[in-house]
Amino acid sequence: MTDFSMTTDAEGVATITWDVAAKSMNVMSTEAFALLSALVDQALGDAAVKGIILTSGKKDFAGGMDLNVIARMRAGGAQAIFDGVMGMHQVLRKIERAGMDPKTLKGGKPIVAALPGTALGIGLELPLACHRIIAADNPKAKIGLPEIMVGIFPGAGGTTRLVRKMGAMMAAPYLLEGKLSDPKGAKAGGLIDEVVAPENLLARAKEWVLAATDADLVKPWDAKGYKMPGGTPYHPAGFMTFVGASAMVIGKTMGVYPAAKALLAAVYEGALVPFDTALKIEARHFTSVLMNPSSTAMIRSLFINKEALEKGANRPKVEDQTVRKLGVIGAGMMGAGIAYVSALAGIEVVLIDATQDAADRGRAHSEALLDKGMQRKKVTAEKKAEVLGRITATTDHAALAGCDLIVEAVFEDPKVKAEVTARVEAVCDGVFATNTSTLPISGLAKASVRPDRFIGIHFFSPVDKMNLVEIIRGRETGDVAVAKALDFVRQIRKTPIVVNDARFFYANRCIIPYINEGIRMVAEGVEPALVENAAKLVGMPLGPLQLVDETSIELGVKIAKATRAAMGDAYPDGAVDEVLFWMADQGRMGKKAGAGFYAYDAAGKREALWDGLAARFPEAPVQPDLSEVQHRLLMAQVLEAVRALQDGVLTDIREGDVGAILGWGFAPWSGGPFGWLDIIGAARAVEICGGLEARHGARFHAPKLLREMSTKGESFYGTTGAAKAA
Ligand code: NAD
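Here this note's numbering is used: position 345 in the sequence shown is 352, and no number is missing along the way.
Below is the structure:
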């Protein structure tokens with residue numbers, strides 16, 4: 008174990024350097040923490056050492072705790088977690104007190120954290136226990152406590168120290184929203200003490216150590232007469248902060264994220280007691296969050312498995328397929344977005360449309376986004392010119408020569424797509440991808456003379472914001488095309504899932520039943536507000552009625568008609584169409600039209616649910632329970648995900664979970680559809696399905712896979728996914 012090493016110079020300044028071998032970023036492990044503790048003991052006990060600099064041997068300080076370690080902690084049980092966390096508190100407290108006399112607060116050794124770059128999570132909690140934090144002026148560095156983003160909260164004293172350092176109100180964005188700042192912003196916000204030129208970092212740290220006085224080492228909360236900035240909960244000003252914070256947290260999280268609630272409780276209760284007791288309270292709440300299956304599920308999907316997919320967990324073993332020149336056909340909403348993210352990633356792009364005007368409009372989309380970036384000071388004039396310089400907007404197909412990947416985003420019409428395929432393949436032999444959202448890839452591939460190099464690359468709208476890309480393997484798609492698509496997605500820094508070809512692929516296959524279940528309930532007379540709120544209270548970002556308003560009722564009608572034509576008598580959604588088609592007849596086509604299930608003001612801002620709906624679909628006198636509505640909305644999506652796995656459309660549950668959260672915001676607290684099923688257990692899921700099936704029909708019949716798992720007592724991540732899941 009060499010994660011930390013120590014040297015001491017002639018003037019008695021010890022430097023502890025954090026440098027985890029074979030990793031580009033330092034992450035903390037339990038063993039490394041013990042080593043750090045031993046080095047600190049050694050330095051504090053060595054009379055020749057005057058003070059300590061804690062720094063990194065890498066360009067960044069640290070990325071945080073190793074989340075693989077945290078994800079496994081739950082298995083050890085609550086007592087072991089609590090003891091482990093209290094052990095960390097002891098070490099950090101030892102650093103903070105640095106050998107000083109507990110009564111006189113004199114005689115300690117100064118310890119300074121010198122941060123060359125990014126410092127996240129424990130990478131900031133450790134510096135917060137030091138006596139001073141100095142960061143190099145590195146605008147790329149990110150400093151903060153992002154734990155809340157993966158379903159936990161800063162549990163190594165970060166919560167307690169930050170609140171005592173800056174007050175609950177000022178600490179709120181860092182703790183509750185995981186706000187990250189560059190070094191200058193972190194200094195302005197009060198997270199760190201000093202920013203210096205990178206080349207002066209260690210010299211300045213040493214200078215501070217040698218000049219530090221006893222008083223410089225005493226934390227405000229250890230000094231006599233300490234008062235919390237902004238006031239404690241029973242102080243009039245503090246009272247207002249805590250009332251406001253509780254309302255804000257519940258408003259934002261709908262109460263489904265255990266970490267946000269526990270964090271708030273730790274802050275509130277901690278503020279009422281002495282510092283060391285507050286740490287103990289923080290440890291108890293942190294333990295409760297780690298014991299909650301939601302935190303394990305979130306870490307697994309939002310961090311470990313998302314990263315594994317981005318690194319190519321399911322990439323076929325063929326040579327590098329990095330895209331050098333990309334052709335985009337169709338410069339509409341999707342094509343223009345695809346051109347933008349690709350040019351931004353350094354790829355040369357030929358953007359083609361039927362007219363020069365349309366192609367230019369597509370390129371202008373990039374210009375508008377870059378201008379916005381310039382207004383926000385995120386993009387320089389040079390960067391804008393460089394990115395725009397990579398996009399050639401034209402109608403001339405000859406310009407496609409040399410493209411190693413083509414993405415087609417023309418109208419959703421198989422005839423138009425077939426013509427485009429033939430025309431492109433005549434001038435270019437790159438891999439051909441279609442961005443279709445509904446047409447089966449194997450059918451479209453019939454127009455190709457090279458079906459092994461024909462694939463689906465399905466982006467979500469808006470392309471520059473949505474991070475999921477669904478890659479669809481047609482029946483004849485070869486490995487090189489899959490690798491090409493995956494390498495492309497890596498280049499544009501999005502997250503890929505690879506699925507097999509079937510109606511609506513994976514994401515839309517699950518989203519459509521969710522929307523349909525909501526609409527079906529409206530037809531039955533369930534109050535629309537109950538439908539929408541039930542969805543939000545179970546962690547869906549948008550209720551089904553808002554979602555169909557946003558994606559447009561016109562599109563819903565189009566998809567319904569095409570599906571009915573394809574399925575004939577087996578078409579199951581007549582009840583949904585009754586509402587959907589009626590809405591279309593009323594001209595209520597959704598948000599873009601300024602009228603849908605919701606009413607919108609003149610500026611297009613969503614107001615309340617439309618009160619005209621009840622005239623045609625009156626509310627039933629008896630309304631269902633909240634949980635019944637929630638089970639219907641969740642199961643509509645989740646059973647489809649299970650069927651996709653059972654049918655072989657999904658081949659990896661990790662992709663099913665990560666894809667659901669990134670693609671349509673499926674209740675992130677649950678870790679995804681399979682994560683949710685594991686939390687409630689297959690037996691309970693089958694029981695819920697049984698009730699729903701009896702009351703609402705065969706669409707809730709539990710799939711065979713789920714029933715078998717229930718009988719055998721299996722879980723997705725414990726058994727079926729064990730080989731592939733982290
Ligand atoms: P759009 O109507 O905004 O753009 C289509 C563009 O293709 C237009 O600019 C049109 O002029 C151009 N075009 C049509 N025929 C052409 C041809 N023969 N040669 C060159 N250009 C031609 O449509 P969109 O919303 O960008 O959708 C494009 C594709 O992406 C569709 O297949 C759609 O299903 C799919 N898709 C859309 C979304 C979405 O949310 N809009 C999401 C995922 C996938």
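Each residue gets a CB set at the ideal place from its N, CA and C atoms; glycine is no exception.
Pairwise C-alpha distance: residue j and residue i
i	j	result
residue 729	residue 81	Confidence is the limiting factor: at residue 729 the pLDDT is only 39, short of 50, which leaves the residue's position unreliable, though a coordinate-based value still follows. Approximately 17 Å between the Cα atoms of the pair.
residue 733	residue 602	Low per-residue confidence applies at residue 733: pLDDT is 36, beneath 50, and the placement is therefore not dependable, though the value from the model is reported in the following sentence. Looking at the two C-alpha atoms, the distance is approximately 45 Å.
residue 590	residue 416	29 Å
residue 360	residue 400	8 Å
residue 26	residue 39	10 Å
residue 109	residue 195	31 Å
residue 290	residue 682	26 Å
residue 92	residue 191	31 Å
residue 261	residue 634	15 Å
residue 238	residue 279	10 Å
residue 719	residue 168	47 Å
residue 731	residue 501	Reliability fails at residue 731, whose pLDDT of 40 lies under 50, so the model's placement of it is uncertain and the value that follows must be treated cautiously. Using only the alpha carbons, I get a separation of about 21 Å.
residue 174	residue 151	16 Å
residue 727	residue 645	Since pLDDT at residue 727 reaches only 40, below the 50 mark, its modelled position is unreliable, and no value is offered.
residue 454	residue 419	15 Å
residue 127	residue 205	18 Å
residue 97	residue 221	21 Å
residue 179	residue 548	22 Å
Any non-hydrogen atom of the ligand NAD closer than 7 Å to residue i Cβ
i	result
residue 361	yes
residue 428	no
residue 443	yes
residue 31	no
residue 138	no
residue 336	yes
residue 339	yes
residue 465	yes
residue 418	yes
residue 290	no
residue 253	no
residue 423	yes
residue 342	yes
residue 468	yes
residue 365	yes
Endpoints, beta strand (DSSP E) assigned at residue i
i	result
residue 466	461-466
residue 574	Unbroken run through residue 574 is the alpha helix (DSSP H), 560-574; no beta strand (DSSP E).
residue 622	No beta strand (DSSP E) contains residue 622, which is instead part of the alpha helix (DSSP H) from 620-623.
residue 332	332-336
residue 479	475-480
residue 45	Unbroken run through residue 45 is the alpha helix (DSSP H), 37-52; no beta strand (DSSP E).
residue 61	58-63
residue 521	Careful: residue 521 lies outside any beta strand (DSSP E), inside the alpha helix (DSSP H) at 514-531.
Contact check, residue i vs residue j, beta carbons under 8 Å
i	j	result
residue 669	residue 474	yes
residue 141	residue 119	yes
residue 588	residue 530	no
residue 515	residue 583	no
residue 525	residue 640	yes
residue 130	residue 69	yes
residue 398	residue 373	yes
residue 545	residue 631	no
residue 679	residue 655	no
residue 407	residue 395	no
residue 535	residue 562	no
residue 57	residue 217	yes
residue 636	residue 528	yes
residue 105	residue 209	no
residue 14	residue 28	no
residue 762	residue 356	Lying before the first or after the last residue shown, residue 762 is absent from the chain, which here runs from 8 to 733.
residue 343	residue 499	no
residue 54	residue 306	no
residue 461	residue 476	no
Limits of the alpha helix (DSSP H) - the one that residue i falls within
i	result
residue 275	265-277
residue 506	Not the alpha helix (DSSP H): residue 506 falls in the beta strand (DSSP E), residues 502-507.
residue 253	243-260
Any C-beta of chain D under 8 Å from that of residue i
i	result
residue 667	Protein chain content of the structure displayed is limited to a single chain, and chain D is not contained in it.
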